[in-house]
Amino acid sequence: MTTINTHAELFAFYGGEVKLPEDKRKEMKERRKTNRNRLKNGLIKNMMPTPTHHLIQGSYAMYTMVQRPDDDYDIDDGACFSRDDLKGAQGADKTALAARQMVRDAIDDGSFKKKPECLPKCVRVHYAAGYHVDIPVYREWTDDDGTEHRELAAADWIESNPQIITNWFKKVVPEKSPEDNQPYQMRRLVCLLKAWSSSRASWNLPSGLIFSVLVDELYVPRRDRDDNAFHALLKALKCRLDRGDKTAQHPAPDLDEDFASGREAKMDNLQAKLNEWLPKLEILDDPDCTKNQALDAWNKFFNTHYFDQYIEDEEEDNPENRNCFVATGGIPKKAVDKGGDTTFG
Numbered sequence: 001m002t003t004i005n006t007h008a009e010l011f012a013f014y015g016g017e018v019k020l021p022e023d024k025r026k027e028m029k030e031r032r033k034t035n036r037n038r039l040k041n042g043l044i045k046n047m048m049p050t051p052t053h054h055l056i057q058g059s060y061a062m063y064t065m066v067q068r069p070d071d072d073y074d075i076d077d078g079a080c081f082s083r084d085d086l087k088g089a090q091g092a093d094k095t096a097l098a099a100r101q102m103v104r105d106a107i108d109d110g111s112f113k114k115k116p117e118c119l120p121k122c123v124r125v126h127y128a129a130g131y132h133v134d135i136p137v138y139r140e141w142t143d144d145d146g147t148e149h150r151e152l153a154a155a156d157w158i159e160s161n162p163q164i165i166t167n168w169f170k171k172v173v174p175e176k177s178p179e180d181n182q183p184y185q186m187r188r189l190v191c192l193l194k195a196w197s198s199s200r201a202s203w204n205l206p207s208g209l210i211f212s213v214l215v216d217e218l219y220v221p222r223r224d225r226d227d228n229a230f231h232a233l234l235k236a237l238k239c240r241l242d243r244g245d246k247t248a249q250h251p252a253p254d255l256d257e258d259f260a261s262g263r264e265a266k267m268d269n270l271q272a273k274l275n276e277w278l279p280k281l282e283i284l285d286d287p288d289c290t291k292n293q294a295l296d297a298w299n300k301f302f303n304t305h306y307f308d309q310y311i312e313d314e315e316e317d318n319p320e321n322r323n324c325f326v327a328t329g330g331i332p333k334k335a336v337d338k339g340g341d342t343t344f345g
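For reference, each letter of the sequence shown is one residue, going 1 to 345 in the UniProt record's numbering.
As structure tokens, then:
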């Protein structure tokens, strides 16, 4: 690892350009509340059962939602019903498809430019602002032995408990991260990985859930050094993929589920992009690496100009570094055409 320390700059990048701002998070909460009310009112109007409760899940619940340049946020908010309430006209259980259609029809109040749609595992509601709300539909019941069940309306009713993932992540992050004045390093690395994965509009890489599982497996804490921890994580991830391990196992030991199953193309894409872009960070391992070179490497890796401000500050404080930096090609002082790639700067 380089002796050049860019932790402060990378931490600032995370706080300013990656982490979802608190006001945006509050806005998401209000949207979720509005969506729940719309669903409840629509179900009552259609004389259908209403949810017993809702399940906040996904990146919002795990605090790993990152800023999106196009505001295309995905909010997951499950709707849970009692199985006894989800009955057809003849008293039989509603099918999984019928339950999703019930939710879709109820939430479609005619105000949407794009009508809500039934997807294989949820109902998706599109909003003009660019974001969408996914509503997984669950039924809950207790069998004769007293065992509680929660089933997701997919192709059929399948056993599912998304809170296992949320609770696991909330537990493991503080356990593994260093205890210092900037806690939760592991969560920051998940967010940085997600930010990199969405830094080019044309990329099609794995989900945040898969990234969370992989980071949990490969993360090695580095107190007060997010830069070293993230670089080490990227190299470990590349090695894992290069040796042919492209799985992402469910963290619960009693659940044999590979989240990457059926998503092999995305895992292949991840391997290809790491092979392409990780070499941009090789300068960080050079004992002669300057601060400007390290910052420029992060600029290139994240496809941003965010670190320009620190490069300029470094040149003012240490003029002797200017010629060394220019010799490597420098960095433009204004935005350049990146062929349509998305930037965070």
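C-beta: ideal position from N, C-alpha, C; glycine also.
For residue i, the nearest candidate out of the options (CA to CA)
i, options, result
"L55", "G42, P69, I75", "I75"
"A128", "F112, R31, L281, E148", "F112"
"M62", "N318, K171, K115", "K171"
"P253", "Y73, I165, D296", "I165"
"D216", "K194, L189, K235", "L189"
"Q67", "Q90, Y131, L43", "Y131"
"L43", "E312, Q101, P279, E264", "Q101"
"P21", "H250, A8, L39, Y60", "Y60"
Start-to-end residues for the beta strand (DSSP E) that takes in residue i
i, result
"R263", "First-last for R263: undefined, no H or E at that position."
"V18", "Run containing V18: none; DSSP gives neither H nor E here."
"T95", "Careful: T95 lies outside any beta strand (DSSP E) and carries neither H nor E."
"G78", "74 to 82"
"E148", "148 to 153"
"W157", "157 to 159"
"R124", "122 to 126"
"S119", "The question names Ser, but residue 119 in the sequence shown is Leu. From DSSP, the beta strand (DSSP E) with L119 extends over 117 to 119."
Close Cβ partners of residue i (< 6 Å) along its chain, the five nearest in sequence each way excluded
i, result
"I4", "C289, K291, A294"
"residue 374", "Residue 374 is absent from the structure shown; the chain starts at 1 and stops at 345."
"W141", "R83, H149"
"V173", "Y184, M186, R187"
"G88", "K94"
"G58", "D76"
Endpoints, alpha helix (DSSP H) assigned at residue i
i, result
"W298", "291 to 302"
"V231", "Correcting the residue identity first, residue 231 is His in this sequence and not Val. First-last of the alpha helix (DSSP H) with H231: 226 to 242."
"Y63", "Neither: Y63 is in no alpha helix (DSSP H) and is coded neither H nor E."
"E175", "163 to 176"
"V137", "Note, V137: premise wrong, no alpha helix (DSSP H); beta strand (DSSP E) at 137 to 142."
"V215", "208 to 218"
"S198", "No alpha helix (DSSP H) contains S198, which DSSP labels as neither H nor E."
Proximity below 8 Å, CB of residue i to CB of residue j
i, j, result
"residue 346", "R187", "Summary: the structure shown does not reach residue 346, with the chain confined to residues 1 through 345, and so no result is reported for it."
"W277", "F307", "no"
"A96", "D156", "yes"
"N35", "V133", "yes"
"N46", "D105", "yes"
"S197", "F169", "no"
"R25", "D77", "no"
"L218", "A236", "yes"
"I210", "A248", "yes"
"K246", "N275", "no"
Cβ shell of residue i (< 7 Å), same chain only, five flanking positions each side left out
i, result
"G15", "none"
"L270", "L205, P206, L241"
"K266", "N204, L205, P206"
"P162", "L55, Q57, G78"
Own chain, CB closer than 8 Å to residue i, minus 5 neighbours either side, in chain order
i, result
"A99", "F81, L86, V137, R139, A153"
"L10", "L192, D226, D227, F230, W298"
"P116", "R104, I107, D108, V123, R124, V125, H126"
"K121", "P136, L152, A153, A154"
"N323", "For N323, the predicted structure reports a pLDDT of 47, less than 50, and the residue's modelled location is therefore unreliable. A value from the coordinates is still provided. Nothing listed; no residue qualifies."
"K176", "M186, D216, Y219, P221"
"D268", "K246"
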